[in-house]
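Chains as they are written, first to last, in the numbering used here: chain Z, 5 to 76; chain V, 964 to 1150. Backbone N, C-alpha and C define an ideal beta-carbon position, used for all residues, glycine too. Remarks on the structure that follows.
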């Protein structure tokens, strides 16, 4: 499972990536499990991507940079 | 800073306001604290811009500043470390959990990603230090090495935090999916 995450994150050597890729191509249960994990990670990432800075925060940042600019 | 550097800062750093805010939210856990930390991060980055080498990983540099801001404002970042991380038994639990879902047919529901309402709940329920590792790697595509550098911990710590954090998040989502799946089967 740790290796599966390493694989999904692209953290293994190319040789190991290839070995796991080949295994997943020939092992339906592992392929299904890997797809399941990948889908869940994608769903979670999408959830976080919907979190964005508010327009108030953007304005605050620009205001503070403007003040810093004039202090110099 | 001269006008040229100002333009460079606007072009290279400011596009990452959302990213820094999300990372700050992961570290602090509250919107108010995250906004304060993000504002302070960009101010510090602006004042240190002369030390930044153009073309290097600006977003990672901003994450590192953000982590230092949070640490200086709120003290050491939570260090709830993995208590006796047992990869073998946790792996077995995860595999069994998936096998059970397959038997129930609930994994199909997960595949269809009918999880909108549960995602916020799952994310809000995840504690530090797992949340920041998950956000850096899963949301912002940072490598384990980059995440380790930003958070100031060994790569092995990132791996174990990710493993545990993902299991916690997935557990919440799977429970939701299982309920949804069972409801769908009964309907």
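Review point. Name the chain Z residues whose beta carbon is nearer than 8 Å to that of residue 980/V?
Key: 57, 61, 62, 65
Check your understanding: From the beta carbon of residue 1090/V, is the nearest beta carbon of chain Z less than 8 Å away?
Key -> no
Check your understanding: Would a C-beta distance cut-off of 8 Å place residue 989/V and residue 1123/V closer than the cut-off?
Key -> no
Practice item. Using the Cα positions of residue 56/Z and residue 981/V, report the straight-line distance between them to the nearest angstrom. Key: 5 Å
Check your understanding: Three or more C-beta pairs closer than 8 Å, one from the segment 1022-1030 of chain V and one from the segment 1094-1109 of chain V: is that the case here?
Key -> With a cut-off of 8 Å on Cβ pairs, the segment 1022-1030 of chain V is in contact with the segment 1094-1109 of chain V, counting three or more such pairs.
Check your understanding: Does DSSP put residue 965/V in a helix, in a strand, or in coil?
Key -> coil
**Study point:** Spatially closest choice to residue 999/V from 43/Z, 63/Z, 48/Z, by CA coordinates
**Key:** When only C-alpha atoms are compared, the closest one is 63/Z.
Exercise for review: Output, in chain order, the set of chain V residues within a Cβ distance shorter than 9 Å of residue 68/Z.
Suggested key: Near residue 68/Z (Cβ distances below 9 Å), the residues of chain V are 1002, 1003, 1005, 1006, 1009.
Check your understanding: For the alpha helix (DSSP H) that contains residue 51/Z, what are its first and last residues?
Key -> 32-53
Exercise for review: Could you tell me the distance, in whole angstroms, from the CA atom of residue 52/Z to the CA atom of residue 30/Z?
Suggested key: 33 Å
Check your understanding: Does residue 1106/V come within less than 8 Å of chain Z when only Cβ atoms are used?
Key -> So yes, residue 1106/V belongs to the interface.
Check your understanding: Per the contact definition of three or more C-beta pairs closer than 8 Å, is the segment 1113-1122 of chain V in contact with the segment 26-44 of chain Z?
Key -> no
Check your understanding: Taking Cβ positions only, does residue 1044/V come closer than 8 Å to chain Z?
Key -> Since pLDDT at residue 1044/V reaches only 49, below the 50 mark, its modelled position is unreliable, and the value read off the structure follows with that caveat. By this cut-off, residue 1044/V is not an interface position.
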